[in-house]
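Colleague: Right, I'll just put the structure down here and ask away after.
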Amino acid sequence: MSAAPPECDVLVVGSGNAGFSAALSASQSGAGRIVLIDKCPEEWAGGNSYFTAGAYRVVHDGLKDILPLVRNVTEEQAAKIQLAPYTQYDFLNDIRRVCEDKSDPALSHALVSESNAAVKWLASNGIRFSLSFNRQAYEVDGKVKFWGGLCLKTLDGGKSLIKDHTTAAYKQGIELYYSTELISLQHAVDGERVTATVRNDGKTTSITAGAVILAAGGFEANPEMRRRFLGTGWENAAVRGTPYNTGECLRLAQDLLGAQSVGDWAGCHSVAWDAAHSDPNQGDRLASNEYTKSGYPLGLMLNIHGKRFVDEGEDVRNYTYAKFGRAILQQPEHAAFQVWDAQTSGWLRDEEYRAERAERLEADTLEELADLCAARGLADRDAFRATIRAYNSAVAARPADAAAAWNPAVKDGLSTGARLVPPKSNWALAVDTPPFLAVKVTCGITFTFGGLRVDPGTAQLVDRAGRLVPGVYCAGEMLGGLFYGNYPGGSGLTSGTVFGRRAGKAAAQHIGNSSKLAQ
3 MSAAPPECDV
13 LVVGSGNAGF
23 SAALSASQSG
33 AGRIVLIDKC
43 PEEWAGGNSY
53 FTAGAYRVVH
63 DGLKDILPLV
73 RNVTEEQAAK
83 IQLAPYTQYD
93 FLNDIRRVCE
103 DKSDPALSHA
113 LVSESNAAVK
123 WLASNGIRFS
133 LSFNRQAYEV
143 DGKVKFWGGL
153 CLKTLDGGKS
163 LIKDHTTAAY
173 KQGIELYYST
183 ELISLQHAVD
193 GERVTATVRN
203 DGKTTSITAG
213 AVILAAGGFE
223 ANPEMRRRFL
233 GTGWENAAVR
243 GTPYNTGECL
253 RLAQDLLGAQ
263 SVGDWAGCHS
273 VAWDAAHSDP
283 NQGDRLASNE
293 YTKSGYPLGL
303 MLNIHGKRFV
313 DEGEDVRNYT
323 YAKFGRAILQ
333 QPEHAAFQVW
343 DAQTSGWLRD
353 EEYRAERAER
363 LEADTLEELA
373 DLCAARGLAD
383 RDAFRATIRA
393 YNSAVAARPA
403 DAAAAWNPAV
413 KDGLSTGARL
423 VPPKSNWALA
433 VDTPPFLAVK
443 VTCGITFTFG
453 GLRVDPGTAQ
463 LVDRAGRLVP
473 GVYCAGEMLG
483 GLFYGNYPGG
493 SGLTSGTVFG
503 RRAGKAAAQH
513 IGNSSKLAQ
């Protein structure tokens with residue numbers, strides 16, 4: 003691959019959804035030569051975006067607003083779909099609720115208010131969307147009900163997202179250079195241009211740009227940084243996505259540009275992750291997101307000592323999966339067993355729990371299931387069985403008026419109540435109908451929440467003195483202050499597009515203003 007050119011109008015660092023969104027926006031906003039670089043080889047293009055399920059959380063006005071965006075719904079299917087509007091109030095309330103009321107109000111408002119327009123902009127540029135029947139809907143009594151504020155995904159998850167972004171970039175004349183690592187940034191004397199030092203194939207060269215957009219991801223693939231910022235034990239988390247998000251650009255922006263750190267540097271998105279097949283140091287480009295194991299609301303999770311440790315039915319999966327990875331990491335051996343019986347195992351998503359993507363431990367009795375789990379690390383079979391018996395007793399003691407129809411698409415209030423600690427607050431069916439199924443999981447880290455402060459309107463970087471850094475912008479995982487402790491599922495890709503789009507537009511305007519001043 004040829005080396006990146008010595009000059010360009012806009013330099014984008016990072017080949018994920020945020021970086022591609024920024025480059026496309028800059029191009030369509032009038033910037034001239036746009037160069038996108040990434041330190042990964044081309045076969046690893048896409049950053050963590052490649053490994054997502056492709057979910058986008060967006061404000062919408064119901065099915066009539068969404069159908070023009072998607073390609074996988076027949077008239078017959080549309081007649082069966084129940085999709086309530088998801089309002090700005092709903093989205094903002096979800097961010098406030100799951101992010102401990104700590105999200106920067108200006109950032110969250112920008113994300114929410116522009117979410118619908120951002121997705122429609124992506125679709126107009128060839129990003130293919132579909133309704134997420136496989137992950138976000140259940141069919142009950144002949145009706146397909148979407149749940150948890152999510153309905154929209156890219157056609158083939160992150161794989162098609164990055165493919166479509168790449169196609170759009172080439173159509174716009176955006177130049178892509180991989181195996182090209184940013185190692186330094188320095189402003190020119192006049193402060194109007196930025197010189198980036200990059201390394202490619204062992205050679206160090208410079209690129210002078212009118213504006214730079216940083217979208218190079220967090221530090222989730224760096225064990226030392228995880229231990230330092232997230233805490234002891236996080237060096238043992240499995241990396242769900244790219245092994246190239248190791249935090250160098252965050253440190254570079256802080257050290258060389260004085261960028262201000264902001265947000266939840268002790269927080270991250272992490273999930274229940276396959277413990278049998280996955281590589282702990284990097285994601286699988288073929289399996290991608292399918293090693294996620296998100297069916298726990300339908301059953302139970304027990305640690306290797308046979309004890310439950312979370313309320314599996316606290317909320318629908320979209321509002322708990324990004325924080326339950328942390329709960330698993332905190333368990334002995336950083337592991338747990340998810341358990342179901344025949345009443346609920348049929349509702350599990352095939353892409354996550356079929357034999358190719360999960361080691362399925364199946365038995366006709368709980369005693370046999372405990373034996374199978376013991377061969378996979380369960381240390382206390384008696385406690386395992388006793389915990390499930392205690393849970394079943396609590397389920398049996400529910401009030402008679404709790405016998406609502408089973409519907410995993412809504413919080414049903416079928417709870418064990420205070421009889422059990424922790425309780426199971428929804429979908430609390432007894433685990434007593436053979437055959438039984440268990441899957442061993444660990445913690446898989448997705449992305450880190452701590453990042454850099456930006457101006458919400460332009461995504462321009464802010465330094466430690468509160469001043470805007472001339473010509474430098476930030477989007478994606480590097481942007482801090484939005485998510486704390488948890489996040490509403492699907493918000494990450496939407497954030498990358500919203501703020502990437504703003505960064506690209508602002509970078510193009512900055513170049514235009516600089517040119518006028520020079521004349």
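First residue of the sequence shown: 3, per our numbering; consecutive thereafter.
Glycine included, each C-beta is placed from N, C-alpha and C at the ideal position.
Everything numeric in this text was worked out from a predicted model, so none of it was measured.
#1: According to DSSP, is phenylalanine 449 part of a helix, a strand, or is it coil?
#2: Going by the DSSP bridge assignment, what does aspartate 276 pair with across the sheet?
#3: How far does the alpha helix (DSSP H) with tryptophan 342 in it extend, from its first residue to its last?
#4: According to the Cβ coordinates, are phenylalanine 449 and histidine 271 closer than 8 Å?
#5: Just tell me which of Leu216, Leu157, Glu222 has its CA closest to the CA of asparagine 50.
#6: So, alanine 55 versus arginine 130, is the Cβ gap smaller than 8 Å?
#7: Would you give the residue range spanned by the alpha helix (DSSP H) that lysine 325 belongs to?
#8: Step through the CB atoms of chain C and report whether any lies within less than 8 Å of the CB of threonine 435.
#9: For the alpha helix (DSSP H) that asparagine 19 lies in, which residues bound it at each end?
#10: Just to confirm the assignment, what range does the beta strand (DSSP E) spanning isoleucine 390 have?
#11: Pick out whichever of Ser4, Asp11, Ala28, Ala6 has its Cα sitting closest to the Cα of threonine 499.
#12: In three-state terms, what does DSSP make of glutamate 250?
#13: Taking one C-beta from the stretch 321-334 and one from the stretch 232-245 each time, how about it: are there three or more such pairs within less than 8 Å?
#14: With a CB to CB cut of under 8 Å and the five nearest residues on each side skipped, what residues in its chain are close to lysine 205?
#15: For lysine 147, does the three-state DSSP call read helix, strand or coil?
#16: Distance, Cα to Cα, serine 17 vs valine 72?
#17: Mind checking who leucine 152 pairs with in its DSSP beta bridge?
#18: Helix, strand or coil: how does DSSP classify alanine 33 here?
#19: How many whole angstroms separate the CB atoms of leucine 152 and arginine 59, which I take to be in contact at a CB cut-off of 8 Å?
#20: Which same chain residues end up closer than 6 Å to glycine 492 when comparing Cβ atoms and leaving out the 5 residues on each side of it in sequence?
#21: Determine the contact status of leucine 481 and asparagine 19, defining contact as a CB-CB distance below 8 Å.
#22: With DSSP as the reference, label histidine 189 as helix, strand or coil.
#23: Would DSSP call serine 208 helix, strand or coil?
#24: From which residue to which residue does the beta strand (DSSP E) around tyrosine 91 run?
#25: Once DSSP output is grouped into helix, strand and coil, what is the label at histidine 271?
#26: Less than 8 Å between the C-beta atoms of tyrosine 246 and cysteine 42, yes or no?
#27: Are glycine 21 and glycine 502 close, meaning C-beta to C-beta below 8 Å?
Modeller: Looking at the coordinates:
#1: For the purposes of this step, residue 449 is identified with residue 447 of the sequence shown, where counting begins at 1. Strand at phenylalanine 449.
#2: In the sequence shown, residue 276 corresponds to position 274, counting from 1. Paired residue(s): Val443.
#3: Here residue 342 corresponds to residue number 340 of the sequence shown, with the count starting at 1. Element bounds for tryptophan 342: not the alpha helix (DSSP H) but the beta strand (DSSP E), 337-342.
#4: Walking along the sequence shown from the start, residue 449 turns up at place 447. Walking along the sequence shown from the start, residue 271 turns up at place 269. Taking the C-beta atoms as reference points, histidine 271 is found nearer than 8 Å to phenylalanine 449.
#5: In the sequence shown, counting from the first residue as 1, residue 50 sits at position 48. That would be Glu222, whose Cα lies nearest to the Cα of asparagine 50.
#6: Taking the sequence shown and counting its residues from 1, the one referred to as residue 55 is at position 53. Taking the sequence shown and counting its residues from 1, the one referred to as residue 130 is at position 128. No. Outside cutoff.
#7: Numbered from 1 along the sequence shown, position 323 holds the residue referred to as residue 325. Element bounds for lysine 325: 323-331.
#8: Absent here is chain C; the protein component of the structure consists of one chain.
#9: Along the sequence shown, one-based indexing puts residue 19 at 17. Asparagine 19 -> alpha helix (DSSP H) spans 19-30.
#10: Position 388 of the sequence shown, counted from the start, is the residue given in the question as residue 390. Unbroken run through isoleucine 390 is the alpha helix (DSSP H), 383-398; no beta strand (DSSP E).
#11: Residue mapping note: residue 499 aligns to position 497 of the sequence shown, counting from 1. For the residues Ser4, Asp11, Ala28, Ala6, the minimum Cα distance to threonine 499 belongs to Ala28.
#12: Residue numbering aside, residue 250 sits at position 248 when the sequence shown is read from its first letter. Residue state, collapsed to three classes: helix.
#13: yes
#14: Walking along the sequence shown from the start, residue 205 turns up at place 203. Within the same chain, lysine 205 has close Cβ partners Ala5.
#15: For this step, residue 147 is matched to residue 145 along the sequence shown. The answer is strand: DSSP assigns lysine 147 an E or B state.
#16: The residue labelled residue 17 in the question sits at position 15 within the sequence shown. The residue labelled residue 72 in the question sits at position 70 within the sequence shown. Near 24 Å, if we compare the C-alpha coordinates of valine 72 and serine 17.
#17: As a position in the sequence shown, residue 152 is number 150, starting the count at 1. For leucine 152, which the question treats as bridged, DSSP gives no partner whatsoever.
#18: Here residue 33 refers to the residue found at position 31 of the sequence shown. DSSP places alanine 33 in coil when its eight states are reduced to three.
#19: Position 150 of the sequence shown, counting from 1, holds the residue named residue 152. Position 57 of the sequence shown, counting from 1, holds the residue named residue 59. Confirmed, Cβ separation roughly 6 Å.
#20: The residue you call residue 492 lines up with position 490 of the sequence shown. Excluding residues within five positions, the ones whose Cβ falls inside 6 Å are Ala57, Tyr58, Arg59, Leu152.
#21: The residue labelled residue 481 in the question sits at position 479 within the sequence shown. The residue labelled residue 19 in the question sits at position 17 within the sequence shown. Going by C-beta atoms, leucine 481 is not nearer than 8 Å to asparagine 19.
#22: For the purposes of this step, residue 189 is identified with residue 187 of the sequence shown, where counting begins at 1. In the structure shown, the three-state DSSP call for histidine 189 is strand.
#23: As a first step, residue 208 is located in the sequence shown; it is residue number 206 there, counting from the start. DSSP places serine 208 in strand when its eight states are reduced to three.
#24: Position 89 of the sequence shown, counted from the start, is the residue given in the question as residue 91. Tyrosine 91 -> not in any beta strand (DSSP E); alpha helix (DSSP H) instead, spanning 90-100.
#25: For the purposes of this step, residue 271 is taken as residue 269 along the sequence shown, with counting starting at 1. Correct three-state label for histidine 271: strand.
#26: Numbered from 1 along the sequence shown, position 244 holds the residue referred to as residue 246. Numbered from 1 along the sequence shown, position 40 holds the residue referred to as residue 42. Going by C-beta atoms, tyrosine 246 is nearer than 8 Å to cysteine 42.
#27: The residue given as residue 21 occupies position 19 in the sequence shown. The residue given as residue 502 occupies position 500 in the sequence shown. Yes, they are a contact pair.
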